[in-house]
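Engineer:
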Amino acid sequence: MTGSEIANKPGSDAAGRTPLLKIQKVAKSFGKNIVLREISLDVAEGEFLTILGESGSGKTTLLRIIAGFETASAGEVWMGEERLDRQPPYRRRVNTVFQSYALFPHLTVEQNVAYGLRVAKRPETEIESRVAESLKKVKMSAHAKSKPSKISGGQQQRVALARALVNRPRLLLLDEPLSALDANLRRQMQVELKSLQREVGISFIFVTHDQEEAMVMSDRIALLRSGELEQVATPREIYGRPSTAYAAQFIGHTNLLQGEVRAGVVRCAPLMWTAELPDGPVLFSLRPEKVRLATTNACGAGCVRVRGKVRQQAFHGATELIRVECGEGLVLVVRTPASGGALNDIELEFSPEDAVLVRESPERI
Amino acid sequence: MFSRAYKTTVTLPPLVWVTVFLLLPYLLMFCYSFWSVSPSQTIVHSWNLANYGELLRVNVYWQTLLRSMWIAARVTLFSLLLAYPLAYFLSFCAGNKKDLLYQLVIIPLWVSYLVRAYAWKTILGSDGVLNTLLQYVHITKHPLEFLLYSPFAVVLTLTHIYTPFAFLPIYAALEHVPRNLVEASHDLGATPGQTFWKVILPLSIPGVVAGATFAFVLSLGDFLAPLLLGGPSGIMISNIVVSLFGAAYNWPLGAAISLCMLLLVVGLLFFSERLEKKWSFS
Numbered sequence: 036m037t038g039s040e041i042a043n044k045p046g047s048d049a050a051g052r053t054p055l056l057k058i059q060k061v062a063k064s065f066g067k068n069i070v071l072r073e074i075s076l077d078v079a080e081g082e083f084l085t086i087l088g089e090s091g092s093g094k095t096t097l098l099r100i101i102a103g104f105e106t107a108s109a110g111e112v113w114m115g116e117e118r119l120d121r122q123p124p125y126r127r128r129v130n131t132v133f134q135s136y137a138l139f140p141h142l143t144v145e146q147n148v149a150y151g152l153r154v155a156k157r158p159e160t161e162i163e164s165r166v167a168e169s170l171k172k173v174k175m176s177a178h179a180k181s182k183p184s185k186i187s188g189g190q191q192q193r194v195a196l197a198r199a200l201v202n203r204p205r206l207l208l209l210d211e212p213l214s215a216l217d218a219n220l221r222r223q224m225q226v227e228l229k230s231l232q233r234e235v236g237i238s239f240i241f242v243t244h245d246q247e248e249a250m251v252m253s254d255r256i257a258l259l260r261s262g263e264l265e266q267v268a269t270p271r272e273i274y275g276r277p278s279t280a281y282a283a284q285f286i287g288h289t290n291l292l293q294g295e296v297r298a299g300v301v302r303c304a305p306l307m308w309t310a311e312l313p314d315g316p317v318l319f320s321l322r323p324e325k326v327r328l329a330t331t332n333a334c335g336a337g338c339v340r341v342r343g344k345v346r347q348q349a350f351h352g353a354t355e356l357i358r359v360e361c362g363e364g365l366v367l368v369v370r371t372p373a374s375g376g377a378l379n380d381i382e383l384e385f386s387p388e389d390a391v392l393v394r395e396s397p398e399r400i
Numbered sequence: 009m010f011s012r013a014y015k016t017t018v019t020l021p022p023l024v025w026v027t028v029f030l031l032l033p034y035l036l037m038f039c040y041s042f043w044s045v046s047p048s049q050t051i052v053h054s055w056n057l058a059n060y061g062e063l064l065r066v067n068v069y070w071q072t073l074l075r076s077m078w079i080a081a082r083v084t085l086f087s088l089l090l091a092y093p094l095a096y097f098l099s100f101c102a103g104n105k106k107d108l109l110y111q112l113v114i115i116p117l118w119v120s121y122l123v124r125a126y127a128w129k130t131i132l133g134s135d136g137v138l139n140t141l142l143q144y145v146h147i148t149k150h151p152l153e154f155l156l157y158s159p160f161a162v163v164l165t166l167t168h169i170y171t172p173f174a175f176l177p178i179y180a181a182l183e184h185v186p187r188n189l190v191e192a193s194h195d196l197g198a199t200p201g202q203t204f205w206k207v208i209l210p211l212s213i214p215g216v217v218a219g220a221t222f223a224f225v226l227s228l229g230d231f232l233a234p235l236l237l238g239g240p241s242g243i244m245i246s247n248i249v250v251s252l253f254g255a256a257y258n259w260p261l262g263a264a265i266s267l268c269m270l271l272l273v274v275g276l277l278f279f280s281e282r283l284e285k286k287w288s289f290s
């Protein structure tokens, strides 16, 4: 399975919009160390695309190739009709918000934001008005004359954003820009960043290792694992229909059910249901919230039921997570509305269509 | 934490050292600068400002001081012009050859000063390498006399000797320029040239100031290069101090000149530190 196949799968393309950026079979290795293998990915005009992956998955390298700080070992990057990967970074209409912000310490906030326009030799009056407008957009006008060292991390973040956006790039790259902020500020910035992106209408490629952040902000998520795309889809799709075991586990919690199909019957330890699948071993992902405590009302035809013993019950406010031992080594994690009492022997049920068939994710080196 | 006794044991030896070999000699020099020499060549311990008056009155002293500063200024300029591009190349372009080249820059520092000064003598002399070559290829008919025993020779030699001293702090400053700032500058559309003038150079100013200070202060007080290669026109202030403490036997006047030099250098160091602080942002 190569990246291009995934990208071209129906439903996971750039939602019918014109692609702005085309990444075609981009590979990168440092010596013997392979970082990216044949990544193909389109980014649509005005899209918020998140490259999600663990550290070492190659997500930052991919971003640096788009920005021009690294050269790809193979493959091409196109922006419209223009071949991007042969251009030096200063000729690309792409701007980056760096993880550590990379504000120039010897320049004021205002001078930092004006930098791109100054080197492009824009008229001074235009620079002034665009810088002021840009600072206003990120609510940093009051700090225009401060040096970066005199403002907080969150504020530096905004300045970095203004400094990039003031150049009206066609594409903005964000390299884990929120990772240095504390949890509250981070959530606030996620919302602000998303609404800012809608407002300016520029395509964003956002790199993060935080799946929650990716879900909240993205139009689409490209899940990267060991230098290969695992799945490219909308947050809803990738959560509801993960294509691999890795995708299912990385994004949200899940129960992985290992089983076998024989003559149209699926058997996963004590569970059994019918499905039109070819014979052979199978793997399903079943989200904890798709499992319910069995009620007396029948849950419809083909509903799967299983009895089990509650081993652990964790209260999460509105919901609770229950670990249930169902025998034959099967442990199901169930998310239910908080019930109020301790549970012991319970019966669980779920609909077979909520068990999503996923591919194994083989170990890669 | 450390005990009081431990702290005392550790700090006492350097304290004694500094007192005996630095503070006391300076104090002695300070006193000498107000004393005088009698016609019978003995030191007269009466306090007066006569030595400082002579310093201002006798042309050769302050003129030599000015000339020394002029020589030091040229050495500083040339050292910076050589050291900065070298440091820039090493820091930004040398890749994995960086360490090797760094060692090559440092090695001359291990070679004796005298060897390097004499080397220039054999190169610049009237029957030296350079003049022989120039005559051999018929660029000149007679040996060029200004090459040796001139301020030119002094500036050349001192530049050669003190360039590594200017190089080191500049290189350190360039190594400390965060590379993501260089990337950010390119990302914002600045060409490598613009990036150099707007980001790299401003952020390396503290290193340039430190390097300039080293080159200027060290060459201002130098006396071997002018002694060996300077000739009468290349005399520097330290040569005068040496002779005052030696053959001329006028320690008080020598002490007065030394003290003036010391004040000059301290003032310079103070100024350069202010400048470095103003340009450092970490």
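Respectively, the protein sequence lines represent chains A and B.
Position one of the first sequence corresponds to residue 36 (this note's numbering), numbered consecutively onward.
Position one of the second sequence corresponds to residue 9 (this note's numbering), numbered consecutively onward.
The beta-carbon is built from N, C-alpha and C at its ideal position, and this holds for glycine as well.
For the putative contact between F83(A) and E191(B), defined by C-beta atoms under 8 angstroms, what is the C-beta separation to the nearest angstrom?
Structural biologist: Not confirmed; about 23 angstroms, so no contact.
Engineer: Below 7 angstroms on C-beta distance, what does P124(A) contact in chain B?
Structural biologist: Within 7 angstroms Cβ-Cβ: H194, D195.
Engineer: Roughly how many angstroms separate the alpha carbons of N188(B) and P123(A), rounded to a whole number?
Structural biologist: Going by the C-alpha atoms only, they are around 16 angstroms apart.
Engineer: Compare the C-beta of N104(B) with all C-beta atoms of chain A and state if any pair is closer than 9 angstroms.
Structural biologist: Taking Cβ atoms only, chain A never reaches closer than 9 angstroms to N104(B), which makes this a no.
Engineer: Alpha carbon to alpha carbon, how far is V369(A) from N130(A)?
Structural biologist: So the two alpha carbons sit approximately 44 angstroms from each other.
Engineer: Under a CB-based cut-off of 9 angstroms, is F289(B) close to chain A?
Structural biologist: Taking Cβ atoms only, chain A reaches closer than 9 angstroms to F289(B), which makes this a yes.
Engineer: So does the stretch 225 to 237 of chain A actually touch the stretch 201 to 217 of chain A, counting three or more Cβ pairs closer than 8 angstroms?
Structural biologist: Yes, since at least three Cβ pairs between the stretch 225 to 237 of chain A and the stretch 201 to 217 of chain A fall closer than 8 angstroms, the two stretches touch.
Engineer: Given G275(A), which residues of its chain have a CB within under 7 angstroms of its CB, disregarding the five upstream and five downstream residues?
Structural biologist: So no residue of the chain qualifies.
Engineer: Just by C-beta distance, which residues in the stretch 208 to 227 of chain B are closer than 7 angstroms to chain A?
Structural biologist: Under the 7 angstroms Cβ criterion, the stretch 208 to 227 of chain B contributes P210, L211.
Engineer: Name the chain B residues whose beta carbon is nearer than 8 angstroms to that of F285(A)?
Structural biologist: Within chain B, no residue comes near F285(A); the closest Cβ sits about 28 angstroms away, beyond 8 angstroms.
Engineer: Leaving aside the five residues before and after F385(A) along the sequence, list all residues of the same chain whose C-beta is less than 6 angstroms from its C-beta, in chain order.
Structural biologist: Contacts found: K325, V326, V339.
Engineer: Is it buried or exposed for K206(B), if we count other Cβ within 10 angstroms and need 16 for buried?
Structural biologist: Buried.
Engineer: Let's test the definition: count the other Cβ atoms within 10 Å of the Cβ of S246(B) and tell me whether it reaches 16, buried, or not, exposed.
Structural biologist: By the neighbour-count rule (16 or more Cβ atoms within 10 Å), S246(B) is buried.
Engineer: Considering only residues of the stretch 240 to 288 of chain A, which uninterrupted alpha helix (DSSP H) runs meet the minimum length of 4 residues and lie entirely inside it, listed in chain order?
Structural biologist: DSSP runs (the alpha helix (DSSP H)) wholly in the stretch 240 to 288 of chain A: 246 to 252, 270 to 275, 280 to 285.
Engineer: May I ask you to list, following chain order, the residues of the stretch 175 to 193 of chain B that have a beta carbon less than 8 angstroms from some beta carbon of chain A?
Structural biologist: Within the stretch 175 to 193 of chain B, the qualifying residues are P186, N188, L189, E191, A192, S193.
Engineer: For the candidate residues G88(A), K156(A), R157(A), V144(A), whose alpha-carbon lies nearest to that of V242(A)?
Structural biologist: Among G88(A), K156(A), R157(A), V144(A), the Cα nearest to that of V242(A) is on G88(A).
Engineer: Anything in chain C within Cβ reach of F133(A), meaning under 7 angstroms, just list it in chain order.
Structural biologist: Here the protein chains are A and B, and chain C is not one of them.
Engineer: Which bits of chain B does H141(A) rub up against, with CB to CB less than 7 angstroms?
Structural biologist: Those within 7 angstroms of H141(A) in chain B are P210, L211, F289.
Engineer: Pick from Y34(B), S280(B), Y40(B): whose alpha carbon is nearest that of G215(B)?
Structural biologist: Minimum Cα distance to G215(B) is reached at S280(B).
Engineer: From this set, L35(B), L176(B), G242(B), K129(B), which residue's C-alpha is nearest A220(B)'s C-alpha?
Structural biologist: Closest by alpha carbon: L176(B).
Engineer: Name, in chain order, the residues that DSSP records as bridge partners for A316(A).
Structural biologist: A small correction: the amino acid at residue 316(A) is Pro; Ala does not occupy that position in the sequence shown. Partner(s): E295(A).
Engineer: What is the residue span of the beta strand (DSSP E) that W113(A) lies within?
Structural biologist: Note, W113(A): beta strand (DSSP E), 109 to 114.
Engineer: Whole-angstrom Cβ separation of E265(A) and A282(A), contact assumed at under 8 angstroms?
Structural biologist: With a Cβ gap of about 5 angstroms, E265(A) and A282(A) count as contacting.
Engineer: If you draw a straight line from the alpha carbon of A91(B) to that of E183(B), how long is it in whole angstroms?
Structural biologist: For A91(B) and E183(B), the distance between alpha carbons rounds to 14 angstroms.
Engineer: Around the C-beta of I256(A), are 16 or more other C-beta atoms found within 10 angstroms, so that it is buried, or is it exposed?
Structural biologist: The residue in question, I256(A), is buried, as its Cβ has 16 or more Cβ neighbours within 10 Å.
Engineer: If we ignore side chains and look at the alpha-carbon of each, how far apart do E40(A) and V393(A) end up?
Structural biologist: Below a pLDDT of 50, predicted positions are generally treated as unreliable, and E40(A), at 41, falls in that range; no measurement from the model is reported.
Engineer: What are the uninterrupted segments assigned as alpha helix (DSSP H) that are 4 or more residues long and contained completely in the stretch 99 to 163 of chain B, given in chain order?
Structural biologist: Listed in chain order, the complete alpha helix (DSSP H) runs (minimum 4 residues) inside the stretch 99 to 163 of chain B are 106 to 114, 121 to 132, 137 to 144.
Engineer: Measure how close the beta-carbons of R193(A) and Y150(A) come, nearest whole angstrom, since I'm counting them as under 8 angstroms.
Structural biologist: Not really, about 16 angstroms apart at Cβ, beyond 8 angstroms.
Engineer: For I208(B), name the three-state secondary structure that DSSP assigns.
Structural biologist: DSSP places I208(B) in helix when its eight states are reduced to three.
Engineer: Going by DSSP in three states, H353(A) sits in which element: helix, strand or coil?
Structural biologist: Checking the sequence, you will find Ala at residue 353(A) rather than His. The answer is coil: DSSP assigns A353(A) none of H, G, I, E or B.
Engineer: Cβ atoms of D210(A) and T95(A): under 9 angstroms apart, would you say?
Structural biologist: It is a contact, given that the beta carbons lie within the stated cut-off.
Engineer: Should V166(A) and A179(A) be called a contact, given that it needs their Cβ atoms to be closer than 9 angstroms?
Structural biologist: Result yes, Cβ atoms of V166(A) and A179(A) sit closer than 9 angstroms.
Engineer: List, from N- to C-terminal side, the alpha helix (DSSP H) runs of 4 residues or more that fit wholly inside the stretch 27 to 81 of chain B.
Structural biologist: The qualifying runs are 32 to 40, 58 to 65.
Engineer: DSSP has V359(A) in a bridge; who is on the other side?
Structural biologist: Beta-bridge pairing links V359(A) to V345(A), L367(A).
Engineer: Output needed for T27(B): all residues of its chain with C-beta closer than 6 angstroms, excluding positions within five of it in sequence on either side, in chain order.
Structural biologist: Around T27(B): no qualifying Cβ.
Engineer: Note down the Cα distance separating A218(B) from P158(A), rounded to an integer number of angstroms.
Structural biologist: Taking the straight line joining both Cα atoms gives about 37 angstroms.
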